[in-house]
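Peer 1: Numbering (the working numbering), first residue to last: 1 to 92.
Dropping a structure here in structure tokens format, bear with me for questions.
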């Protein structure tokens, strides 16, 4: 039984999502809303589902309306399990 795990390789890569900042009023925390499209199981209609992700914003520079990419990370508080990787588009 041999293991081919090398240093630096994670068994499960961390999830990455893109979304819109809907709240940035907390200190070093922003709420990012991620919308996804799924087909209804019975009726087949495409429905939009949205999820609120509490993300860590170390620089504290996000504004409402920014489009960001977030990545899963270790739990930082009761609700925060994501961190901002990059800002894709600034709000106007």
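Even glycine gets a Cβ: it sits at the ideal position worked out from N, Cα and C.
I'd like to know whether the C-beta atoms of residue 21 and residue 80 end up nearer to each other than 8 Å.
Peer 2: No, these two residues do not count as a Cβ contact at 8 Å.
Peer 1: Look up residue 40 in the DSSP assignment and say whether it is helix, strand or coil.
Peer 2: Three-state result, residue 40: coil.
Peer 1: Just checking, does the region 58-72 make contact with the region 41-50 on the three C-beta pairs under 8 Å criterion?
Peer 2: The answer is no - the region 41-50 does not touch the region 58-72, with fewer than three Cβ pairs under 8 Å.
Peer 1: So who's on the other strand from residue 30, going by DSSP bridges?
Peer 2: Residue 30 is bridged to 55.
Peer 1: Taking the C-alpha atoms as reference points, what is the distance between residue 37 and residue 27?
Peer 2: Their backbone Cα atoms lie some 31 Å apart in a straight line.
Peer 1: Identify every residue that forms a DSSP beta bridge with residue 50.
Peer 2: DSSP output for residue 50 lists 35 as bridge partner(s).
Peer 1: Let me check understanding here. Comparing Cα to Cα, which of 35, 65, 10 lies closest to residue 25?
Peer 2: When each option's Cα is compared against that of residue 25, the closest is 65.
Peer 1: Considering only the alpha carbon of each residue, which of 82, 69, 52, 78 lies closest to residue 90?
Peer 2: Comparing Cα positions, the closest option is 69.
Peer 1: Which class does residue 22 belong to by DSSP, given the choice of helix, strand or coil?
Peer 2: Residue 22: strand per DSSP, three-state reduction.
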